[in-house]
Amino acid sequence: MFNRRQFVQFLSSVPGIVATAPGFSYESSAADSKQKLHHPGRVKSVIFYYCHGGPSQGHTFDRPSRVQDASLHPFDFMRCGRSGLEISNLFPHLQTVADDLCLIRSGYGAKATHSEGGVHVFTGASTLGASLGAWILHGLGSGNPSLPGHVLLTGRVPGDKWAVSDGRVHGGARSIGSGSLPPSLQAQVISDLQNPIANLKSPMADDTQRRWLQELATLNSHFAARHPRVAELNSRTESFQTAYRMQTAAPEAFDVKNEIANPALRKLYGLDPLPTRSTGTKLLLARRLVERGVRFVLVPSMKVPSLEGGSGDWDTHTPTQVRGVIPNLAKACDQPLAGLITDLKDRGLFDQTLVIWGGEMGRGGNGHMNHNGNAFTWWMAGGGVRAGSVYGATDEQGFTAVENPVHVRDLHATILWMCGLDHRQLKHNGVGFDDSCKVAKGMLA
Amino acid sequence: MTHRIGQYRFCENFRRNGLVQHSLLAIVFALLLPAISSAADVRFNEHIRPILAEHCLQCHGPDAGKREADLRLDIERLAKEHAIVPGHPEKSELFRRLTSTDFDERMPPPDNGKSLSDNQVRLIRQWILDGAHFEGHWAFEPISNPAVPVPGGVAPTEIDRFVVSRLESAGLKLSPAVNRQQLIRRASFDLIGLPPTWEEVTDFVDDDSPEAYAKVIDRLLDSPRYGERWGRHWLDIARYADTLGGSAIGFTKFPFSYTYRDYVIRSLNADLPYDRFVTEQLAADQLGLPENDPTLAGLGFLTVGMQYRNPHDTIDDQIDVVTRGLLGLTVACARCHDHKYDAVPTTDYYSLYATFASSRKPELLPEIVVPDDGNLQASKKYMVYQSELKKRQRLHRDMAREQSVVMRGRLRMQVGLYLTELAKGTPEQDLSATFLSYRTDDLRPLVLNAWRDYLKEMPVDDPVFAPWMRLSDVDGKDFAQRCSDLVEALTKENGDASKFSAGQSLAGKAPRWNPRVLSALAERKPSSLIELAEAYGELFSTVQTEWLKAVLATTLEAQNGVKVVPDEDARHADVNSAVNRQLRHHLYAEGTPTAMSDDVAVMLLNRPVRDNLNGRKGAIQNLHLTSPGSPPRAMALREDMRPADFFVFRRGSAIDRGELVQARFLTALSGSGARSFSDGKRRLGLAQAIVDPSNPLTRRVIVNWMWQHHFGKALVRTPDDFGTRGQPPTHPQLLDYLAATLKEGGWSLKKLHRRIMLSAVYQQGAIENSDSRIVDPDNKLLWRMPRQRLEFEAMRDSMLAVSGELATKIGGRPFDLLSKPIQPRRTIYGFVNRDIVSNFASTFDAANPNSCTATRPTTNVPQQTLFALNSEFIQDRAAALAGVEEIVSAESDEDRIRMFYQRAYSRTPERDEMQLALRYVLADDGSSKTNPLHRLAHALLASNEFIFVD
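Chains as they are written, first to last, in the working numbering: chain A, -12 to 432; chain B, 85 to 1034.
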């Protein structure tokens, strides 16, 4: 019987099958997708915690110096760490890692409706309608041929009776799509952790499958003999090797069983308290994936119960929603995100991973808790950003970005820059990014 | 006719005749030796235009907004006036700047990363030396009727003569023809997306008649499967999906998208002439058809796209699908600025905007009667549906009507809120971007705009608003004084107040200036426009309150047993008062801001009410979607007979209005004197302009697209961009020849299929040839047939066909591709979700349902092979194949294997293949749960020979 190594050797010896590694799960025929950095970049992977509904900057990371209606602002802020960043007391764990964060308070150029806003905040810089994750995967190429390079993690862990939804992205498929880039660059949606990728499980025993693959290789070699030197045939033939490897590599990557049994990790990510259990597990999984070379992991926030009855997401319009929902939304992500940052540091991955927190728009302006495209806050941490810093500022009420305003498109250009990619050179069939994108150099480490 | 390309006017002495004479050699050279730069080789369209487009036109091109130094390099006259001295590169500013070593002078600016290569600079130099001749962009030149060349070698058809002479001039020739088994397999996949049955293969192989192959083509073209195959190609263009899109929570289905899909299949099967096909899809409602004509479903081309909340984006999507899909032009980028590379100014974009914006979807889509629906309209289930529909419509309408009354009533109390906002100078709001989470006291931007517009048109001598009109420009510190002067003057003009005090008289007349306004102002003494607004607001809310009370009182007079009140009784003073009527006019008369229709009023409701109302609408949609008696309906449009005015939106912003635009066609295609489309038939006008035989793009685009689906690669490799940034055709004459024959053949697509497939070029093998590969590595000259992988749909359908399971039912509501047990219908009938694009479809490069797709990319991801390796689908098909009656009952494994090959590969296995297969089957030690024949069938379906069309 074959063992795996012999099997691969066997495949390589069959005429028409080339032994070189097949690159990534995505091989573009376009000449301009050379997986070569434009300049040295630290970031190899991005984990984006997306706050569904447009988080209020005034209650989280951008304390307004003047408020019109104090009842709308029941939460205190504290200066934290050596950097003295002001962070809402709703985030006690993130306060402890303040010196790792770069708070971006001057975001603008968002669209103030959810669906359009979601599409815009993920694809707004691209003239091809491709999402940021698709571009990063296109630009960096795969970091692991046995795993999808761009994923969206959603769902609740068994036993989570607290969260009210699985987590979605406003704008639907377009927000995580590949636009006019090849479709395989769009995010693979992973909603079932037991069965993360379709068709991974072979119905045949390993021996039987290897004999079957041998038979298939024979069939293909007959066909290849009649059609020598045809790249398309070879690459499809080769990809059976990759698929064969994926059968074991992918379940291993997605299997969090051992890690969630580790008490230290349970504590770090908050896997015991109900409000942080699902988010903690997804962020732990995100770390496993970036550790294995996945380029872009998107984790959308879930709907949570309100302290005043009902439930909600970050789309908090009313005082009731502010008082009832925001504390739980913050709680759901605070400890898991702080845990993620600590874990990445412990494993030496922090420098090559970019963690982003943000939504599709900000809040404030007319009505004071309404949708706002003129000011929003994101924060980033990890590879490439200036740690313990604040970038930009809003007016005294926090309604408009006034100092160092940074457009949604500029954020994309800046994130790409951290990855070693220059949006002016990153193209597909000669087309790439909006001319007006600028890199916000002040955010860079 | 001569074609003038908008503001492009190119050198008259360089016309198409010159092009034809020189082109054969020159283009071959240009293709093969792009780096050459000696005299006579440098041609504007092949060499210079791409350089200008990529490096210069962004700042020195058609976009007036971004133009630098007032220099245009895309217009010969202007370029030569300022930057080019023909014959003298060193005297030409263009060349000097390109080669300058001074950082500040160098062009393109060194920091924008667009510098020219040395070879490009050499080309520019040579071109200027040669006289700097400009040429019109090829795609806008009229379609020529080129002479068919006479090659030296064998070239049986006219198409072959074009291709073979190009090959010969590069020293190449066609590959040998494929054998008959391969040919019928190729033809079947191409036309119907399925492999031939073994019987069809043997019939063809045994048919000695010279028409044998033509008969196969005709049989395939006549098959209803043809429309399913080519319909799917068309649906890529039409960005077809079964959901509305953009939904954050779940997704919403179109109940009737399938009627468009079925229209496409029906039309292609009927070989509807392409010009008619286009016209119906843009304007079926304007062709005078009966109201339940199934052709109306063709309008789905415009309506089946992504449904944006913002109407501007929905129209943008329509403009994109029409221009990119039918004309090969990227017009959508002219939404915010003039096109940077092509002659498409923003006014062109908004002319198309005006064309589409004057149409809307009818509240209830028209029912259509489609063939083979079993006389649905006479059935019991239809009656059940109808009565339920009426019930649900009533629930919706009753609530909408009442809530509209409530809404209008409140807005009449809130006049002050809006006038105050206007007094503050609040700018116009973009209604499309507003969100809806209203409380009763929230300002409605739509109403604010209505008040703004209403006051803009207000006569200065309006009895009620005269003071407002006369005081609205008055400076702050004079305000109080000017106001009291005005009130005094107007009061004086009114004369004796006692004359108009008898309110209850029906004959009573109001004075020239409304006295209640004057006394309100006299009492309030406003010292600013804001205070004036407040005074008006207070008065209007009083008037509204009095009126409602009066209405209540007069209504109660009709109560049973109440004593009748005479009409001119003092108790009717308020109702009868002409003075009050003057005021109420501005609250209730048609066209006033608060007298909006129910349709508008419901959009302004507080969020919970609106959500509830939408739920009732949803219940209607749901009935359409799920009731067995729900008849098919066309996703139709209706055009306003008297459309509103439309303007350019500066930089794409809906509140920054520029010049007024007419609904008309693109200037680049119809000249600047294009006539406007007639009101009420704007889309028909557009359709006619698109299919006008003098339009140089439409026919080129469609024949190019057909060529692509036969050959895997198009003649213009950018089938949705024939503009400056697109690629020039590999065979310009052939492209024009095909476009010309399309028209001669009455725009029949089937005739064109036949013509293409009868050519030797089409019948040649896909054989690799290293000598040819060296000369023409990209196979642009077609020295071999490009090999094609089966698309997602063809792959799935073919597996079902080979296993004998494929269902042949045509049309109807979509089915779930992932349902278990699977439905063995053709994939084109599968549900397409644009909100949650299925991993299954995207893994296999299915078209993006959110925008017009002319070419699907071909990627190779391991998830595809995982599907081939492990999916339940492929294993079930393999088992079904192994379980086919004649295979099970065959005498030997050898017979079974032979039948596998015949079904899956359209051939019999060779001797060594048979030996290997038998060995595989016999070597089975029984340890596996699965049958070795199943596994062999599985391997055949997973193999390259099955997935690639030979």
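The beta carbon of each residue, even a glycine, is placed where N, CA and C say it ideally should be.
Going by beta-carbon coordinates alone, are residue i and residue j separated by less than 8 Å?
{"i": "Val849(B)", "j": "Met879(B)", "result": "According to the sequence displayed, residue 849(B) carries Gly and not Val. No, the Cβ-Cβ distance between Gly849(B) and Met879(B) is not below 8 Å."}
{"i": "Leu688(B)", "j": "Arg528(B)", "result": "yes"}
{"i": "Asn853(B)", "j": "Trp867(B)", "result": "yes"}
{"i": "Trp535(B)", "j": "Leu503(B)", "result": "yes"}
{"i": "Gly579(B)", "j": "Ser661(B)", "result": "no"}
{"i": "Pro715(B)", "j": "Tyr342(B)", "result": "no"}
{"i": "Phe246(B)", "j": "Leu818(B)", "result": "yes"}
{"i": "Ala174(A)", "j": "His137(A)", "result": "yes"}
{"i": "Leu271(A)", "j": "Tyr256(A)", "result": "yes"}
With DSSP run on the structure shown, which of helix, strand or coil describes residue i?
{"i": "Glu312(B)", "result": "helix"}
{"i": "Asn853(B)", "result": "coil"}
{"i": "Pro292(A)", "result": "strand"}
{"i": "Phe563(B)", "result": "helix"}
{"i": "Tyr297(B)", "result": "helix"}
{"i": "Asn263(B)", "result": "coil"}
{"i": "Gly346(A)", "result": "strand"}
{"i": "Glu743(B)", "result": "strand"}
{"i": "Leu455(A)", "result": "Residue 455(A) falls outside the range modelled here, since chain A spans only -12 to 432, and no answer is possible."}
{"i": "Asn359(A)", "result": "strand"}
{"i": "Val859(B)", "result": "helix"}
{"i": "Gly299(A)", "result": "strand"}
{"i": "Met542(B)", "result": "coil"}
{"i": "Lys414(A)", "result": "coil"}
Residue i: which of the options sits nearest, CA to CA?
{"i": "Ile894(B)", "options": "Pro235(B), Asp346(B), Ser762(B), Phe218(B)", "result": "Asp346(B)"}
{"i": "Trp318(B)", "options": "Phe361(B), Val558(B), Asp290(B), Asp482(B)", "result": "Phe361(B)"}
{"i": "Val30(A)", "options": "Asp49(A), Met348(A), Val372(A)", "result": "Val372(A)"}
{"i": "Leu799(B)", "options": "Trp631(B), Leu822(B), Pro780(B)", "result": "Leu822(B)"}
{"i": "Ser171(A)", "options": "Ala931(B), Asn1028(B), Ser259(B)", "result": "Ala931(B)"}
{"i": "Arg717(B)", "options": "Trp222(B), Asp202(B), Ile208(B), Thr387(B)", "result": "Thr387(B)"}
{"i": "Gly94(A)", "options": "Asp397(A), Val418(A), Leu431(A), Ala432(A)", "result": "Asp397(A)"}
{"i": "Ala29(B)", "options": "Met356(A), Ala248(A), Tyr231(A), Tyr378(A)", "result": "Residue numbering for chain B in the displayed model covers 85 to 1034; residue 29(B) lies beyond these limits and cannot be assessed."}
{"i": "Leu275(B)", "options": "Ser293(B), Tyr310(B), Leu256(B)", "result": "Tyr310(B)"}
{"i": "Ile786(B)", "options": "Leu768(B), Ala758(B), Thr825(B)", "result": "Thr825(B)"}
{"i": "Gly807(B)", "options": "Phe761(B), Trp222(B), Asn394(B)", "result": "Trp222(B)"}
Strictly under 8 Å for the Cβ-Cβ distance: is residue i near chain A by that measure?
{"i": "Asn923(B)", "result": "yes"}
{"i": "Ala1026(B)", "result": "yes"}
{"i": "Gln948(B)", "result": "yes"}
{"i": "Ser882(B)", "result": "no"}
{"i": "Ala850(B)", "result": "yes"}
{"i": "Pro192(B)", "result": "no"}
{"i": "Ala878(B)", "result": "no"}
{"i": "Arg871(B)", "result": "yes"}
{"i": "Pro941(B)", "result": "yes"}
{"i": "Thr336(B)", "result": "no"}
{"i": "Tyr985(B)", "result": "no"}
{"i": "Val945(B)", "result": "yes"}
Following a CB-centred definition, is residue i positioned closer than 7 Å to any heavy atom of the ligand ADP?
{"i": "Asn394(B)", "result": "The ligand ADP is not among the ligands present in this structure, which contains no ligands whatsoever."}
Can you confirm whether residue i, when its beta carbon is compared against all beta carbons of chain B, has any partner nearer than 8 Å?
{"i": "Ser12(A)", "result": "Confidence at Ser12(A) is low in this model, with a pLDDT of 35, below 50, so the placement of that residue should be treated as unreliable; the coordinate-derived value is given next. Yes, because at least one Cβ of chain B sits closer than 8 Å to the Cβ of Ser12(A)."}
{"i": "Met191(A)", "result": "yes"}
Could you tell me how far apart the beta carbons of residue i and residue j are, in whole angstroms, since I believe they sit closer than 8 Å?
{"i": "Met348(A)", "j": "Phe363(A)", "result": "6 Å"}
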